[in-house]
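Asker: Input: one structure, supplied below.
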Amino acid sequence: RGLHLAGAMYPGQTEFFAERCGVKSQMMILATNAAHLDPYHSAVRVGLATVHIPLDKVEDVRRDGLIYSIDVPVKKDGTYTFRTALRDQAAKRLGSSSQIIDVPNLNKSKLLMSGLMISGIDSNGNILPTESGDRAFSSVVSPSIAAIRRFKRNSIVAYTYTLYNAKPDTASNLPKLTVQTNLYYDGKMFSEGQPQPADIGKQPDLNRINDFGYLKLNSEIPKGDYVLQIIIKDLTTNQITSQWVDFEIVE
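Position in the sequence shown counted from 1, then plus 182, gives you the working numbering.
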């Protein structure tokens, strides 16, 4: 209210400073080096984010939710716990979620695979974007985006990943890889794929191979919770790496 009385029509001070600094997304950060207080705990970084929703968009947010995205720089490899907490000030309710994130050392020669991203596609076969704008908060364009992963039967979903440190074959000077796709339903194997030669196409950097695939969800597949697992094997070094991602089929 003070900003508005002064003639600065911003939702809050964070948006005011963001415009003055010329940035598209912004966040208030609270930081402490907990090691000074307790040698058994590491540093803590907490980001505070608020969003102001126009009245004509409130019903859309209640129905579809809201997407929040931010880039968090990580300088050291290791295992991290990423936690997000949300407070509805009007309803006086709190919600939180956390995820363990493993950040590997890419300078080592170990075969590594990034996290899987799975999303619906548009009529042209392009992956649906998670964000509908250039701000940290954005509206939900579809429940089949990577942030929600809720799909319908008779649809096609795409998955993408990056493979690191694959070794070239001495004869072809290209990596020789196989890809295996497994699908789990309700904690049990639903469809077990067979290793297939990977067609990586032309890659600008063979140390970082970007690959993708498609998954057809037919009309007979049961509704419920699923897990997609991708297993990559380097035939040159016999190293194996894998990742998984969960999703839901709703109808």
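Using N, Cα and C, we set each Cβ at its ideal position, and we do this for glycine too.
In terms of residues, what are the limits of the beta strand (DSSP E) holding residue 272?
Answerer: One-based indexing of the sequence shown puts residue 272 at position 90. Note, residue 272: premise wrong, no beta strand (DSSP E); not H, not E.
Asker: In chain order, which beta strand (DSSP E) runs of at least 3 residues are fully inside the stretch 339-394?
Answerer: 359-367 and 370-374
Asker: Among 430, 404, 311 and 348, which residue has its Cα nearest to the Cα of residue 250?
Answerer: Stepping through the sequence shown from its first residue, residue 250 is reached at position 68. For the residues 430, 404, 311 and 348, the minimum Cα distance to residue 250 belongs to 311.
Asker: So, helix, strand or coil for residue 322, using DSSP?
Answerer: For the purposes of this step, residue 322 is taken as residue 140 along the sequence shown, with counting starting at 1. If DSSP states are grouped into helix, strand and coil, residue 322 belongs with coil.
Asker: Would you list the residues sitting across from residue 335 in a DSSP beta bridge?
Answerer: Residue 335 sits at position 153 when you count from the first residue of the sequence shown. Answer by DSSP bridge pairing: none, since residue 335 is not bridged.
Asker: Which class does residue 197 belong to by DSSP, given the choice of helix, strand or coil?
Answerer: As a position in the sequence shown, residue 197 is number 15, starting the count at 1. Helix, per DSSP.
Asker: What do you reckon, are the CB atoms on residue 361 and residue 380 nearer than 7 angstroms?
Answerer: As a working note, residue 361 is residue 179 in the sequence shown. As a working note, residue 380 is residue 198 in the sequence shown. Going by C-beta atoms, residue 361 is nearer than 7 angstroms to residue 380.
Asker: Which word fits residue 199, buried or exposed, when buried means at least 16 other C-beta atoms lie within 10 angstroms of its C-beta?
Answerer: For the purposes of this step, residue 199 is taken as residue 17 along the sequence shown, with counting starting at 1. Residue 199 comes out exposed.
Asker: Going along the chain, which residues of its own chain have a beta-carbon closer than 7 angstroms to the beta-carbon of residue 324, five neighbours each way excluded?
Answerer: In the sequence shown, counting from the first residue as 1, residue 324 sits at position 142. Once the five neighbours on either side are set aside, the close Cβ partners of residue 324 are 302 and 310.
Asker: Could you check where the beta strand (DSSP E) with residue 409 kicks off and where it finishes?
Answerer: If you number the sequence shown from 1, residue 409 lands on position 227. Unbroken beta strand (DSSP E) run through residue 409: 406-416.
Asker: Measure how close the beta-carbons of residue 331 and residue 430 come, nearest whole angstrom, since I'm counting them as under 8 angstroms.
Answerer: One-based indexing of the sequence shown puts residue 331 at position 149. One-based indexing of the sequence shown puts residue 430 at position 248. Right, their Cβ atoms sit about 7 angstroms apart.
Asker: On the CB-based measure, 16 or more other CB atoms within 10 Å of its CB, does residue 279 come out buried or exposed?
Answerer: By one-based count along the sequence shown, residue 279 stands at place 97. It is exposed - the Cβ of residue 279 has fewer than 16 other Cβ atoms within 10 Å.
Asker: Let me make sure I understand the geometry here. Which of 270, 346 and 365 has the alpha-carbon closest to that of residue 387?
Answerer: Sequence index remark: in the sequence shown, residue 387 carries index 205 (1-based). Here the closest residue by C-alpha is 346.
Asker: Can you tell me whether residue 237 is helix, strand or coil according to DSSP?
Answerer: Here the question's residue 237 lines up with position 55 in the sequence shown. Helix.
Asker: Applying the 10 Å Cβ sphere with the 16-neighbour rule, what's the burial state of residue 326?
Answerer: What you label residue 326 is simply residue 144 of the sequence shown in a count that begins at 1. It counts as buried.
Asker: Let me know if residue 415 comes out buried or exposed under the rule of 16 or more other beta-carbons within 10 Å of its beta-carbon.
Answerer: Counting from 1 along the sequence shown, the entry for residue 415 is found at position 233. By the 10 Å Cβ count, residue 415 comes out buried.
Asker: Are the CB atoms of residue 298 and residue 339 within a distance shorter than 7 angstroms?
Answerer: Residue 339 sits at position 157 when you count from the first residue of the sequence shown. Residue 298 sits at position 116 when you count from the first residue of the sequence shown. Contact flag unset, no.
Asker: Based on Cα-Cα distance, which residue from 374, 390 and 271 lies nearest to residue 350?
Answerer: Counting from one through the sequence shown, the residue named residue 350 turns up at place 168. For residue 350, the closest alpha carbon among the candidates 374, 390 and 271 is that of 390.
Asker: I need the boundaries of the beta strand (DSSP E) containing residue 301, first residue and last residue.
Answerer: Residue mapping note: residue 301 aligns to position 119 of the sequence shown, counting from 1. Looking at the DSSP string, the run of the beta strand (DSSP E) that includes residue 301 is 299-302.
Asker: Between the Cα of residue 404 and those of 272, 433 and 276, spot the shortest distance and give me the residue it belongs to.
Answerer: By one-based count along the sequence shown, residue 404 stands at place 222. Here the closest residue by C-alpha is 433.
Asker: If you drop the 5 nearest sequence neighbours on each side, which residues of the same chain put their C-beta closer than 7 angstroms to that of residue 315?
Answerer: Reading the sequence shown from its first residue, position 133 is the one you call residue 315. The pLDDT assigned to residue 315 is 49, lower than 50, so where the model puts this residue is not dependable; a value taken from the coordinates is nonetheless given after this. Taken in chain order, the list of residues that qualify is empty.
Asker: Within 10 angstroms of its Cβ, does residue 333 collect 16 or more other Cβ (buried), or is it exposed?
Answerer: Mapped onto the sequence shown, residue 333 falls at position 151. Buried: at least 16 other Cβ atoms inside 10 Å.
Asker: Looking only at C-alpha atoms, which of 337, 373 and 300 sits nearest to residue 399?
Answerer: For the purposes of this step, residue 399 is taken as the residue at position 217 of the sequence shown. Of the listed residues, the one whose Cα sits closest to residue 399 is 337.
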